[in-house]
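When you line the sequence shown up against our numbering, it's residues 626 to 1079, in that order.
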Amino acid sequence: MFMNSGGFIVVILCLYVIPAVMVGLLLFFLIQFARGRATGKAALIMLGMLLVTAIIFANLSTNKVEITPELRDSIRNIDDFKFSEFTPEKLPDLDRIFKSKSQPQQYDAYLQAIYNNDSPKELYQYFVQQLGSPLKNRQGSWDYSSNKSEYYDIPFFQAIQAENLTALQVFIDAIKNGSPEERKQAKDIVDAVPSYWLELELVFYPQVSRHIASDSELKQADLILSAFPELAITKEGVSIIDLTILSADARATKLFAKYSHPSSAALTAAGYVLTGETDKVIDVLNVQPSLLNKKIATPKYYSSMSLLDYITRFGKEDIVRKVYSMISRQDGELYNNSDSILFHTTGRIHDILSKGTKENEQESVAIFSFILNSLAHESVNISNEQLWTIVTEKFYIDNLYYGPKVERFNDEAIKAICTSPFGPQFLHYVNNLDNPDNDHKIKISIAAIRRNCQ
């Protein structure tokens, strides 16, 4: 029986990699011992490494995979095809090898070929021509249920899990060009399988650390939806476009907008914010201004963020300015907590600072400056303690993700505080904090504020 990718990797480890490492470690130990270097602690360390490797090998061999003659034959069978060397010109050679194999061997080779993401489309077109629909199982049948099969037994789902866009494109074309009966069979199968086989809801699921879909993830989703547009809504009735809006993934939102609509008016408006459609945002709010206080949430996925919070956090500068110009802070229906507004407008600056990029930094600082001055104009009180916390927590970072340790302030954002009506009182407050006994962070924070405010 064909293995999934994990099983195949374990076999390779057991047959080739781990034994080679064990032999290498043993030779290294013997060489060092002969030179008189493998003594005392050094000898113990080397023997320990060898022992650990041997234990791993024994565990994998006895518990994970049984290296049977059939399994060895399966690996040799796949090696015969030399998929990594395949070019369209070698199709006659492939055909000769393929037709010399039994049906199970042919199917094993077919499924394993999908893991070669660099192979040309002609390889997968050949397999479709020889073995039929990529949604048939290894027996060449449509008559299977998901609880009796695994995704790695079916080429179409194997291509999705392997993120093989070339194979998936070939398979989608084959499904679209099939007969009406075959297309109905395909739809029934796709509707019945577990959602994780299709990698849609899972990829676009809202995460604490926002996941922005990659080019390949978007391409794969678009391919799947082009053949099965109904998959834009999950079996539980969740519109996946809602999830892309919650994740603030503009490209994914534009993609899913071709196949479905957000499930609420607030999410619809948030989608317009994300894709930069200013006029549509304003049109919606002119009709329903109370949407600004509605939560950006779905029945399945909760969010504490209101539409106004969302605009503050993710909106382009022109959208933010136009929306805030509509708001009267004295209007109880539209009133929104200033703490939440500050949290999101400073949060977008901190997001940029954390990523170590200058992209969109100027716009985010301009939005913060605009909102800070708007709050001052509406006589909203912002304490010096709040501003100090903003500078020391939102406008400062002491380490970049995936980079060297650094200490950096966003000077332009600090200047925005200094030039606002809150600036003079804040600088006075900061000067009074100066003390020789202050810790390092307080000292550098005071220095950064003075540098930008004086």
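Backbone N, C-alpha and C define an ideal beta-carbon position, used for all residues, glycine too.
- Distances from the alpha-carbon of P914 to those of G901, S931, L1012 put S931 closest.
- Fully contained in the region 1039-1073 are the following alpha helix (DSSP H) runs of length 4 or more, in chain order: 1048-1058.
- Taking the CA atoms as reference points, N762 sits about 14 Å from W822.
- The DSSP-derived three-state label of K707 is coil.
- Per DSSP, R721 has no beta-bridge partner at all.
- The way I'd put it, the region 789-797 doesn't touch the region 811-822; fewer than three beta-carbon pairs between them come closer than 8 Å.
- By the criterion of a C-beta distance shorter than 7 Å, I779 is surrounded in its chain by L760, N762, once the five residues flanking it on both sides are discounted.
- Of the candidates A891, Q1011, E1032, Q1011 places its Cα closest to the Cα of Y1054.
- When T903, E1037, T893 are compared, the shortest CA-CA separation from T923 is found for T893.
- L719 and T791 have their C-alpha atoms spaced approximately 18 Å apart.
- For the pair I921 and S885, the CB atoms are not nearer than the 8 Å cut-off.
- Excluding its 5 nearest sequence neighbours in each direction, Q750 has C-beta neighbours in its own chain below 6 Å: V795, listed in chain order.
- Taken through DSSP and simplified to helix, strand or coil, E775 comes out as coil.
- For the alpha helix (DSSP H) assignment, the uninterrupted runs of no fewer than 4 residues enclosed by the region 902-936 are, from N- to C-terminal side, 903-912.
- In this structure, the straight-line span from the alpha carbon of K1019 to that of A877 is close to 28 Å.
- The three-state reading of DSSP puts F829 in coil, since its state is none of H, G, I, E or B.
- Within its own chain, the residues whose Cβ lies closer than 6 Å to the Cβ of R1033, once the five positions on either side in sequence are excluded, are I1022, listed in chain order.
- Close CB contacts of V948 within its chain, under the 6 Å cut and outside five residues either way in sequence, are with I936 (chain order).
- Less than 8 Å separates the beta-carbon of I992 from that of E942.
- When secondary structure is reduced to three states using DSSP, I1007 falls in the coil class, being assigned neither helix nor strand.
- If you ignore the 5 residues before and after E807, its C-beta comes within less than 8 Å of the C-beta of S758, I800, all in its own chain and listed in chain order.
- Per DSSP, the beta-bridge partners of F1034 are Y1021.
- Distance from the CA atom of N911 to the CA atom of F995, rounded to whole angstroms, is 22 Å.
- Under the three-state reduction of DSSP output, I977 falls in the helix class.
- The DSSP-derived three-state label of I858 is strand.
- Per the C-alpha coordinates, the member of A1041, Y927, N1009 positioned closest to T970 is A1041.
- Here DSSP, grouped into helix, strand and coil, assigns S864 to strand.
- Separation of L825 and L1058 (C-alpha to C-alpha, rounded to the nearest whole angstrom) is 52 Å.
- Distance from E861 to K812 at the Cβ level is roughly 19 Å; contact not present, criterion being Cβ atoms closer than 8 Å.
- The three-state secondary structure of S999, taken from DSSP, is helix.
- Taking 8 Å as the cut-off, the Cβ atoms of L856 and Y830 do not count as close.
- The continuous stretches of alpha helix (DSSP H) do not include L760, and DSSP gives it neither H nor E.
- In this structure, DSSP gives V795 a helical state, which the three-state scheme calls helix.
- The Cβ neighbour count for E714, taken over all protein chains shown within 10 Å, is under 16; the residue is labelled exposed.
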